[in-house]
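Residue numbers (my numbering), protein chains in the order written: chain A, 4 to 85; chain B, 4 to 85.
Note that CB positions come from ideal geometry on N, CA and C, so glycine has one too.
Quick caveat: nothing in here was measured; it's all calculated off a predicted structure.
Data first, discussion second: the structure below is written as structure tokens.
There are 2 protein chains.
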Amino acid sequence: MPKIIVEIMPKQDLLDPQGKAVANALQRSGNREISAVRIGKRIELHFDRPITDQDMENASAQASSFLSNDVIEDVVAITKED
Amino acid sequence: MPKIIVEIMPKQDLLDPQGKAVANALQRSGNREISAVRIGKRIELHFDRPITDQDMENASAQASSFLSNDVIEDVVAITKED
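Pasting the structure below:
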């Protein structure tokens, strides 16, 4: 199924308590080489027809205005999958 | 910074109420060509040194055993970024 994938991460200078908790748990279980963990969102927008350039532009606008909160989050990638 | 990116999505035959709510909101605001939305997680594991094949194997094991719940989620991708 054609889909657009929007990837959103918490801004780098922001604390990410959920990521911190996962990093601590990984380190406790022996993965000491992992220095930090950040947890964001991966949003799939599904289409019933092939994806056009207009769809990509539209998704990009929705990603920054509606799907993410630009005070605390960055849209890191918008990709297409057929 | 070197990082391993783990992408996790809810299983396809599972309801995703958060995604459903976002799909409804997008459709109400005029994006009628979006047929469905699924929301998953994007987890970054940060390293202070270059990433080895051993790290990728390790991350793959942690992704399926600890970072995701394989009753309700699928690990859809594990990628490396330098």
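Chain-ordered neighbours of residue i on chain B, where CB pairs are closer than 8 Å
| i | result |
| --- | --- |
| residue 38 of chain A | 49, 50 and 51 |
Reduced DSSP category for residue i - H, G, I as helix; E, B as strand; rest coil
| i | result |
| --- | --- |
| residue 56 of chain A | helix |
| residue 41 of chain A | strand |
| residue 83 of chain B | strand |
| residue 20 of chain A | helix |
| residue 25 of chain A | helix |
Partners in chain A for residue i, counting only beta-carbon separations shorter than 7 Å
| i | result |
| --- | --- |
| residue 10 of chain B | 45 |
Per-residue contacts from residue i into chain A (C-beta, under 8 Å)
| i | result |
| --- | --- |
| residue 34 of chain B | 61 and 65 |
| residue 29 of chain B | 48, 65 and 69 |
| residue 73 of chain B | The premise fails here: residue 73 of chain B is roughly 17 Å from chain A at the closest Cβ pair, so nothing lies under 8 Å. |
From the options, residue whose alpha carbon lies closest to that of residue i
| i | options | result |
| --- | --- | --- |
| residue 37 of chain B | A:73, A:4 and A:78 | A:4 |
| residue 73 of chain A | A:17, A:6 and A:7 | A:17 |
| residue 29 of chain A | B:15, B:48 and B:60 | B:48 |
| residue 39 of chain A | A:23, A:75 and A:50 | A:23 |
| residue 10 of chain B | B:58, B:45 and B:55 | B:45 |
| residue 53 of chain A | A:80, A:33 and A:85 | A:85 |
| residue 12 of chain A | A:59, A:61, A:41 and A:83 | A:41 |
| residue 51 of chain B | A:21, A:57, A:76 and A:34 | A:34 |
| residue 62 of chain A | B:7, B:6, B:25 and B:19 | B:25 |
With 16 other Cβ atoms within 10 Å as the buried cut-off, status of residue i
| i | result |
| --- | --- |
| residue 15 of chain B | exposed |
| residue 43 of chain A | buried |
Chain-ordered chain B contacts of residue i [CB-CB under 7 Å]
| i | result |
| --- | --- |
| residue 42 of chain A | 44 and 46 |
Next on the checklist: Counting beta carbon pairs with one atom in the stretch 66 to 82 of chain B and one in the stretch 68 to 84 of chain A, are three or more of them shorter than 8 Å?
Outcome noted: no
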